[in-house]
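J.: Just so we're aligned: the sequence shown equals residues 80 to 251 in our numbering.
Using N, Cα and C, we set each Cβ at its ideal position, and we do this for glycine too.
The structure displayed is predicted, hence computed values, not measured ones.
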Amino acid sequence: PTLLIQNSHDIHIANCTQDDGASTAWCPQSVGAAINVNVVDVHVLFSFDVQNSVNVTATTSTLGCGRVYKSQQVTITNNHLTNDWRIIQASGLSFSGNHLEHFGTYGITLGNGMNNSVVNNQIIGGWDGGGGNGLVYDLHHPDDGIVLDDEQNDSITDNVIQNVPDAGIESL
Numbered sequence: 080p081t082l083l084i085q086n087s088h089d090i091h092i093a094n095c096t097q098d099d100g101a102s103t104a105w106c107p108q109s110v111g112a113a114i115n116v117n118v119v120d121v122h123v124l125f126s127f128d129v130q131n132s133v134n135v136t137a138t139t140s141t142l143g144c145g146r147v148y149k150s151q152q153v154t155i156t157n158n159h160l161t162n163d164w165r166i167i168q169a170s171g172l173s174f175s176g177n178h179l180e181h182f183g184t185y186g187i188t189l190g191n192g193m194n195n196s197v198v199n200n201q202i203i204g205g206w207d208g209g210g211g212n213g214l215v216y217d218l219h220h221p222d223d224g225i226v227l228d229d230e231q232n233d234s235i236t237d238n239v240i241q242n243v244p245d246a247g248i249e250s251l
């Protein structure tokens with residue numbers, strides 16, 4: 080099941096558990112799907128999905144893969160996150176104090192948005208250092224901690240990014 084917040088405002092979620100391990104949610108990055116920030120597949124399920132909404136907060140929760148799409152003033156803070164997160168066409172988002180682990184190809188993807196902040200997070204990939212030349216290009220292993228694609232005026236600071244073979248932070 081998916082926790083979907085759509086066309087809403089002033090929604091606050093706390094102490095919630097919506098983990099991919101306990102649900103049927105499917106995370107596209109976990110199986111190596113390509114980033115396409117201009118297309119939103121309505122058939123893809125995310126554990127936590129915010130669409131076209133304003134002033135949404137998720138705090139002190141355990142959440143699986145997540146998406147924030149065409150939304151403003153979203154705060155994702157002090158959560159345990161267990162899969163990929165896509166932040167697409169969002170503005171004023173605050174992603175802070177989270178522990179993100181067990182993600183697929185990209186931990187956090189931000190695309191076509193502005194004035195977002197990713198601050199003071201722990202982003203821990205599952206790469207074990209193996210691979211012929213030190214890199215593992217396997218669709219089920221992490222590649223980058225944070226990916227930025229056509230973002231403007233974002234703040235990416237004080238994050239701990241570990242166990243990703245390509246780049247901690249990558250701009251496309």
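Just to confirm, is the Cβ distance from ILE248 to ILE225 under 7 Å?
T.: yes
J.: Starting from GLN231 and walking both ways along the beta strand (DSSP E), at which residues does that stretch end?
T.: GLN231 -> no beta strand (DSSP E), and no H or E assigned at all.
J.: Between which two residues does the beta strand (DSSP E) carrying GLY186 extend?
T.: 185-190
J.: Output the boundary residues of the beta strand (DSSP E) element that contains TRP206.
T.: Element bounds for TRP206: n/a, residue is neither H nor E.
J.: For ALA67, which residues of its own chain have a beta-carbon under 8 Å away from its beta-carbon, when the five flanking residues on both sides are left out?
T.: Given that the chain is displayed from residue 80 to residue 251, the structure contains no residue 67 and the question cannot be resolved.
J.: Output the residue ranges of the beta strand (DSSP E) runs that lie fully inside the segment 131-167 and measure 3 residues or longer, sorted by chain position.
T.: Counting only runs of 3 or more, we get 133-138, 145-148, 151-156, 164-167.
J.: Just mark LEU218 as buried or exposed, buried being the case when its beta carbon has 16 or more other beta carbons within 10 Å.
T.: Low per-residue confidence applies at LEU218: pLDDT is 46, beneath 50, and the placement is therefore not dependable enough to give any value.
J.: Around the Cβ of GLN97, are there at least 16 other Cβ atoms within 10 angstroms (buried) or fewer (exposed)?
T.: buried
J.: At the level of alpha carbons, what is the spacing between GLY145 and LEU82?
T.: 9 Å
J.: Using a Cβ-Cβ cutoff of less than 7 Å, which residues in the same chain neighbour ASP237 once the five nearest sequence positions on both sides are dropped?
T.: VAL198, ASN199
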